[in-house]
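Below: the structure, in structure tokens.
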Amino acid sequence: MNANPLALFWEGFTIESYSQPDAQSLLIRLQPADGYLPCCSGCHQHTHAIHDSSIRRVRERDLLHYRVWLEVPVRRVRCATCGPKLEQIRWLPGRQHLTAGMIQWVESLVRLMPIQHVAHLLGLHWHTVKAIDHQRLKREVTEPDKCRIRRLVMDELALFKGHRYATVVIDADTQQVLWVGEGRSRAAVRPFFEWLG
Ligand SMILES: [Zn+2]
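Per my numbering, residue 2 is the first one in the sequence shown, and the count goes up by one each step.
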């Protein structure tokens, strides 16, 4: 049995070394695990042939009181079908600089508190958290079905300490937000009714 529980987290990799850049940070260097063949991100076939490799520094979820960064040697495989192609790492999708676990953690938190608070809590940039939330909303929120809309609720809310207003339109039956626009005049909500047709 492996005595290091961290070995569970990063499929295909093991820990080569770690250091503490400062009192709050932990930097973990990973290396490819023995006997684990990288997988082509194009066709998902495993291959021996490595084209090249580059180190990517990514943010992982916090561990106890540490902010955790990983240095991951990400390989490009020389795939027989696709040519040179980035390896697929399930816990580090695409060209992300945050692990899938970290992204999931951000997504859980933005459901509970404002973006600004999540950014502060995790030490991420506001725009990073915003972009993750935006992707989550695109995935989870479906375009409203105009044909099913029967009753509307319209309300206004103050922006920037009450100097400007926004209007929000909600489907009274499903509680889904249908539209948000700046302003509270008749002209401001016209685009909504144009959309509704
Ligand atoms: Zn391939």
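Where a beta carbon is used, it is the ideal one built from N, C-alpha and C, also for glycine.
**Study point:** residue 62 to residue 185 span [Cα, whole Å]
**Key:** Indexing the sequence shown from 1 puts residue 62 at position 61. Indexing the sequence shown from 1 puts residue 185 at position 184. Taking the straight line joining both Cα atoms gives about 42 Å.
Practice item. Give the range of the beta strand (DSSP E) segment to which residue 155 is assigned. Key: Here residue 155 refers to the residue found at position 154 of the sequence shown. Its beta strand (DSSP E) spans residues 153 to 160.
Review point. From residue 116 to residue 181, what does the alpha carbon distance come to, in whole angstroms?
Key: Residue 116 sits at position 115 when you count from the first residue of the sequence shown. Residue 181 sits at position 180 when you count from the first residue of the sequence shown. When rounded, the distance between both Cα atoms is 18 Å.
Check your understanding: For residue 131, which option in 120, 140, 124 and 141 has the closest C-alpha, if you only look at C-alpha atoms?
Key -> Residue 131 sits at position 130 when you count from the first residue of the sequence shown. For residue 131, the nearest C-alpha among the options comes from 120.
Exercise for review: Starting from the N-terminal side, write out each stretch of the beta strand (DSSP E) that is 3 residues or longer and does not extend beyond the region 63 to 128.
Suggested key: Within the region 63 to 128, the beta strand (DSSP E) runs of at least 3 residues that lie entirely inside it are, in chain order, 67 to 80 and 84 to 87.
Review point. If you count every other CB in all the chains shown that lies within 10 Å of the CB of residue 163, and 16 or more means buried, which is it?
Key: Working through the sequence shown from its first residue, we reach residue 163 at position 162. With fewer than 16 other beta carbons inside 10 angstroms of its own, residue 163 counts as exposed.
Exercise for review: Could you spell out the range, first to last residue, of the beta strand (DSSP E) harbouring residue 165?
Suggested key: Working through the sequence shown from its first residue, we reach residue 165 at position 164. Residue 165 -> beta strand (DSSP E) spans 165 to 172.
Exercise for review: For residue 40, name the three-state secondary structure that DSSP assigns.
Suggested key: Counting from one through the sequence shown, the residue named residue 40 turns up at place 39. Of the three classes helix, strand and coil, the one that applies to residue 40 here is strand, per DSSP.
Review point. Which same chain residues, not among the five before or five after residue 99, have their C-beta less than 7 Å away from its C-beta?
Key: Mapped onto the sequence shown, residue 99 falls at position 98. The residues are 59 and 60.
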